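Taken in order, these protein sequences are the chains called B and L. For the first sequence, my numbering begins at 401 and goes up steadily by one. For the second sequence, my numbering begins at 401 and goes up steadily by one. Glycine included, each C-beta is placed from N, C-alpha and C at the ideal position. It should be emphasised that the depicted structure is a prediction, and the values quoted were computed from it without experimental measurement. Accompanying notes for the structure given below.
There are 2 protein chains.
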Amino acid sequence: MQMHQVRYFLALCDELNFTRAARRCGISQPSLTQAIRALERELGGALFQREPSIALTRLARAVRPYLDKIARNADHAREVARTVTPRRRARGK
Amino acid sequence: MQMHQVRYFLALCDELNFTRAARRCGISQPSLTQAIRALERELGGALFQREPSIALTRLARAVRPYLDKIARNADHAREVARTVTPRRRARGK
DNA sequence: CGGGCTTACGGTGTGCGTAAATATC
DNA sequence: GATATTTACGCACACCGTAAGCCCG
């Protein structure tokens, strides 16, 4: 599982639209397709039902909270790093 | 921030030894060094004090819990996926 | 017949390993 | 002097973009 795959997955969950999700992620639709495909392959099942219209599968709904926490914790880590980093005299808060 | 960087960081936190951590991660010491360097670069500060002996910096201690949660949530997602995956008739538990 | 997702193909960046250099005990 | 970490170099893989194909509305 890759970090960017998590981001792309969450964006797609939110948009339910490959074009928009790709734009939001700053990549092309084909790249997003490939990333999602790779993630689906790794998790052993489809994450989105494209047939009638884009919808989350049971698998997607099951793993979404975990991937969401991954993204949030990554953000938190970055923020905390900015606070703690000894760039100049890191003045507490 | 990359997923494998998180894994390597946690392994190094746990081992406090590049050689052992690298073996645990299934990579060579130089690769681990580069990965950690990249992560330090991204977070804007050193994560380990190599000088006298390997030790976690304040920054490392600050971000460790978040990266730990990232790894755990990734594992959980994989496990949940194994349970939900429609391989055969996924019978609840 | 138009919009959107997928497949095919090629370029580029980086993660990894081996080998050599440096530092520490 | 030996062990451990870092730097140098080269390779392979995968992410990404453009172009073409396919399907649905």
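Margin query: Here's the rule I'm using: 16 or more other beta-carbon atoms within 10 Å means buried, otherwise exposed. How should L412 (chain B) be labelled?
Written below: So L412 (chain B) counts as buried.
Next item on the list: Using the DSSP secondary-structure output, state which residues sit across from A471 (chain B) in a beta bridge.
Entry: According to DSSP, which records beta bridges pairwise, A471 (chain B) is partnered with nothing at all.
Next item on the list: Buried or exposed for G445 (chain L), please, with buried defined as at least 16 other CB atoms from any protein chain shown within 10 angstroms of its CB.
Entry: Flag for G445 (chain L) reads buried.
Notebook entry, point to check: Does the beta carbon of Y466 (chain B) sit closer than 7 Å to a beta carbon anywhere in chain L?
Noted result: yes
Next item on the list: Determine, using beta carbons only, whether Q405 (chain L) and T419 (chain L) come nearer to each other than 7 Å.
Entry: no
Check: Of all the CB atoms in chain B, is at least one closer than 7 Å to the CB of R450 (chain L)?
Finding: No, its Cβ sits nowhere closer than 7 Å to a Cβ of chain B.
Next item on the list: List the residues of chain B whose Cβ lies closer than 8 Å to the Cβ of A481 (chain L), in chain order.
Entry: L443, G444, G445, L459, A462 and V463
Margin query: Which residue wins for smallest C-alpha separation from L416 (chain B), given the options B:R450, B:N473, B:Q434 and B:I427?
Written below: Selection B:R450, B:N473, B:Q434 and B:I427 evaluated against L416 (chain B) yields B:R450 as nearest (Cα-Cα).
Check: Rounded to the nearest angstrom, how far is the Cβ of L432 (chain B) from that of A422 (chain B), given a contact under 8 Å?
Finding: 4 Å
Next item on the list: Using a Cβ cut-off of 7 Å (strictly closer), state whether A435 (chain B) contacts chain L.
Entry: no
Notebook entry, point to check: Beta-carbon of T419 (chain B) versus every beta-carbon of chain L: anything under 7 Å?
Noted result: no
Next item on the list: Would you mind reading off the limits of the alpha helix (DSSP H) that contains A411 (chain L)?
Entry: M403 to E415
Notebook entry, point to check: A477 (chain L) and Y466 (chain B) look like a contact to me (Cβ under 8 Å); what is the Cβ gap, rounded to whole Å?
Noted result: Approximately 4 Å separates the beta-carbon atoms of A477 (chain L) and Y466 (chain B); this is inside 8 Å, confirming the contact.
Margin query: On the DSSP bridge list, what partners appear for F448 (chain B)?
Written below: B:L456
Check: Where does the unbroken alpha helix (DSSP H) through I436 (chain L) begin, and where does it stop?
Finding: Q429 to L443
Next item on the list: Measure the CB-CB distance between V484 (chain L) and A474 (chain B) and report whether it falls below 7 Å.
Entry: no
Check: For Y408 (chain B) versus A438 (chain B), is the C-beta distance shorter than 7 Å?
Finding: Cβ distance not < 7 Å, so Y408 (chain B) and A438 (chain B) don't count as in contact.
Notebook entry, point to check: What residue from L:G426, L:R424, L:A471 and L:D414 has the CA that sits closest to Q402 (chain B)'s CA?
Noted result: L:A471
Next item on the list: With 7 Å as the threshold, decide whether the Cβ of I427 (chain B) is near any Cβ in chain L.
Entry: no
Margin query: Tell me the rounded alpha-carbon separation between T457 (chain B) and L447 (chain B).
Written below: 5 Å
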